[in-house]
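K.L.:
So that we are looking at the same thing, I have put the structure below in C-alpha cells.
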Amino acid sequence: MIGAFDRLALPLSRLLDAETAHGLTVRALKYAPLPHAAADDVQLAVRAFGLNFPNPVGMAAGFDKHGEVPDALLRLGFGFVEVGTVTPLPQEGNPRPRIFRLPGDEGVINRLGFNSAGADTVLPRLAARANEGGIVGVNIGANKDAPDRLADYVRLIEIFAPVASYFTVNVSSPNTPGLRALQQGRVFDDLLARVMEARARMSREAGTTPVLIKIAPDVTLNELDDIVGAARRHRVDGMIVGNTTVTRASTLRDREAMEPGGLSGKPLFTLSTRMLAETYVRAEGAFALVGAGGVNSGAAALAKFRAGACLIQLYSALIFRGLSLVTEIKQTLVETLRGEGLAGLDDLVGADAAAMTAEEWPD
Ligand SMILES: Cc1cc2nc3c(=O)[nH]c(=O)nc-3n(C[C@H](O)[C@H](O)[C@H](O)COP(=O)(O)O)c2cc1C
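Below, the structure is given as C-alpha cells:
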C-alpha cells in the first residue's frame with residue numbers, strides 16, 4: 297500500500313515544481329486514508345534522552361513545518377517526527393522559487409528562510425493530538441526580524457513545552473542571515489543558559505522536556521570543540537548533526553547545483569557523517585546524537601549508527617525514493633542485528649567513530 301502511494305506520487309511530483317509537489321504530498325497525507333505500517337520489531341526500540349522510540353527512523357524538520365501531519369507520518373512507520381522549524385510570529389520566508397531538486401545528484405537545495413505559520417497556528421494543532429501518543433518533537437527558530445533572537449527561543453519553549461516530546465534548538469539554518477552565528481562563543485553559551493533555564497522553569501507544569509541542539513555540518517573542528525564543550529556544561533540532552541550545507545562539492549552535476557541555499561540529500565552524506573563521528577568522539581557519551589544528512593538506504597543508515605548516532609532523521613531521499621524507504625531501512629537494520637548476533641542498535645552506536653575521525657578529511 298505504501299509502495300502503491302509511491303508509484304503514484306513519485307512520477308507525478310516530478311512534473312511539478314518542488315514546493316508545489318511538497319504541498320500536495322502534505323495534503324494527501326492529511327486527507328488520504330493511510331495504512332498502518334507493520335508493527336516494529338522489538339530490536340529496533342531505542343531509549344534516548346528519557347524517551348522510548350519504537351524505531352530510530354525520524355522525519356527530519358522541514359517536511360511538516362506547520363504541524364499538519366505528524367500522526368500520518370507516525371502511522372506510515374516513522375519512529376518519531378520533528379515538526380517545524382516554527383517561529384514565534386508567522387513569516388513568509390524568501391521569494392519563490394526556493395526549493396530546487398538536483399535529480400542527477402539526488403540532492404536538494406532550499407532557501408526557504410523559515411517560512412512558518414507561527415506559534416499561534418501550530419500550537420493548537422499539536423494540542424489537539426496531544427493524547428495520541430507517539431514522539432513529536434518541535435524544532436524552534438527565531439523570527440528574521442526579532443529584536444532579541446534568544447528571547448524568541450525562550451518564548452517558544454514556554455509556548456510548546458506542554459505539547460512537545462522534545463525540543464530542537466535550530467541555530468543552523470543557512471537561510472536566515474546571522475542565525476548560524478548563534479552557534480558561536482559567548483552568544484551560544486548565553487543561548488544555552490537561557491534555553492535550559494526556560495526548560496527548567498516550565499518543568500513544573502510540563503515535565504522536563506529534552507532539549508537538542510541542531511548544528512551545521514559546516515562548523516570548523518575548533519568551533520565543534522567549543523559547541524560540544526558548551527553543550528556538556530549546560531547538560532543539553534542531545535545534538536542533531538546536522539542541518540544542510542552551504543558548501544558545494546565540485547562533483548555536483550546538476551544545472552541548479554549553484555543555487556544559493558542549503559544543500560541536502562546524497563551529496564551531504566559524507567560530510568555530515570564525518571561531522572557526526574567528530575561530535576561523537578568529543579561528546580564522550582555526555583549526550584545522545586541524531587544523525588541526519590543524506591540517509592538514502594539501509595547501508596547509509598547503518599553508517600550513521602556506526603559513526604555515533606542512536607537515532608537518524610531523513611528528508612531529501614524521500615523525494616527520490618518515496619516513503620517505502622522507511623520500511624527498507626528498518627528491514628536492513630533488523631537483518632544486520634540478526635546477522636551480527638547483536639541484541640539491539642546500542643551495540644552499533646559509535647563502533648566506527650574513532651576510525652572515521654582518523655581518515656583524511658573528505659572533499
Ligand atoms: C526543503 C527542506 C526544508 C528544510 N527545512 C528545515 C527546517 O525548517 N528546519 C531545520 O532544522 N531543518 C530543515 N531542513 C533540513 C533537514 O531537516 C535535514 O537536516 C537536512 O535536509 C539533511 O537531511 P536529508 O539529507 O535527509 O535531507 C530542511 C531540508 C529541506 C530539504
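The sequence shown begins at 297 in the working numbering and counts up by one. Ideal Cβ placement from N, Cα and C applies to all residues, glycine included. Predicted model, so just to flag it, every value in this text is computed and none were measured.
(1) What is the rounded straight-line gap between the Cα of residue 482 and the Cα of residue 338?
(2) Looking only at its own chain, which residues have a Cβ that is under 7 Å from the Cβ of residue 445, when we skip the five neighbours before and after it?
(3) Give a yes or no on contact between the segment 405-413 and the segment 547-566, applying the rule of three or more CB pairs nearer than 8 Å.
(4) For residue 346, which of helix, strand or coil comes out of DSSP?
(5) Quick check on residue 326: buried or exposed, where buried means 16 or more other Cβ atoms within 10 Å of its Cβ?
(6) Quickly, what does DSSP pair residue 396 with across the bridge? List them, please.
(7) In this structure, does DSSP put residue 427 in helix, strand or coil?
(8) Hey, could you find the ends of the beta strand (DSSP E) residue 566 is sitting in?
(9) Using only CA atoms, which one of 525, 533, 515, 536 lies nearest to residue 543?
(10) Is residue 494 near ligand 1 - that is, is its Cβ less than 7 Å away from at least one heavy atom of it?
(11) Look up residue 435 in the DSSP assignment and give the residues it is bridged to.
(12) Under 7 Å: does the beta carbon of residue 611 sit that close to some heavy atom of ligand 1?
(13) State the DSSP-derived secondary structure class of residue 635, mapped to helix, strand or coil.
(14) Can you tell me which of the three DSSP states residue 505 falls into?
(15) Compare the C-alpha of residue 570 against each of 652, 372, 430, 612 and name the closest.
(16) Could you name the residues that DSSP lists as bridge partners for residue 610?
(17) What residues are listed by DSSP as bridge partners for residue 412?
(18) For residue 537, list the residues DSSP reports as bridge partners.
P.N.:
By the coordinates alone:
(1) The sequence position of residue 482 within the sequence shown is 186, counting from 1. The sequence position of residue 338 within the sequence shown is 42, counting from 1. In a straight line, the C-alpha of residue 482 is about 43 Å away from that of residue 338.
(2) Within the sequence shown, residue 445 is the residue found at index 149, counting from 1. Around residue 445: 438, 478.
(3) Result yes; three or more Cβ-Cβ pairs closer than 8 Å.
(4) Translated into positions along the sequence shown, residue 346 becomes position 50. In this structure, residue 346 counts as coil in the three-state DSSP scheme.
(5) As a first step, residue 326 is located in the sequence shown; it is residue number 30 there, counting from the start. Around the CB of residue 326, fewer than 16 other CB atoms lie within 10 Å, so the residue is classed as exposed.
(6) Here residue 396 refers to the residue found at position 100 when the sequence shown is read from its first residue. In the DSSP output, where bridge partners are listed per residue, residue 396 has 405.
(7) One-based indexing of the sequence shown puts residue 427 at position 131. Residue 427 carries a helical assignment under DSSP once its states are collapsed to helix, strand and coil.
(8) Here residue 566 corresponds to residue number 270 of the sequence shown, with the count starting at 1. Per DSSP, residue 566 lies in no beta strand (DSSP E); the unbroken alpha helix (DSSP H) holding it starts and ends at 565-579.
(9) If you number the sequence shown from 1, residue 543 lands on position 247. For the residues 525, 533, 515, 536, the minimum Cα distance to residue 543 belongs to 515.
(10) As a first step, residue 494 is located in the sequence shown; it is residue number 198 there, counting from the start. For ligand 1, not one heavy atom lies less than 7 Å from the Cβ of residue 494.
(11) Looking up residue 435 in the sequence shown gives position 139. For residue 435, which the question treats as bridged, DSSP gives the partners 380, 464.
(12) The residue given as residue 611 occupies position 315 in the sequence shown. Result yes, Cβ under 7 Å from ligand 1.
(13) For the purposes of this step, residue 635 is taken as residue 339 along the sequence shown, with counting starting at 1. Correct three-state label for residue 635: helix.
(14) In the sequence shown, residue 505 corresponds to position 209, counting from 1. Three-state result, residue 505: coil.
(15) Locating residue 570 in the sequence shown gives position 274, where the first residue counts as 1. Measuring C-alpha to C-alpha distances from residue 570 to each of 652, 372, 430, 612 identifies 652 as the nearest.
(16) Taking the sequence shown and counting its residues from 1, the one referred to as residue 610 is at position 314. In the DSSP output, where bridge partners are listed per residue, residue 610 has 355.
(17) For this step, residue 412 is matched to residue 116 along the sequence shown. BP columns for residue 412 point to 387.
(18) As a first step, residue 537 is located in the sequence shown; it is residue number 241 there, counting from the start. Beta-bridge partners assigned by DSSP to residue 537: 511, 587.
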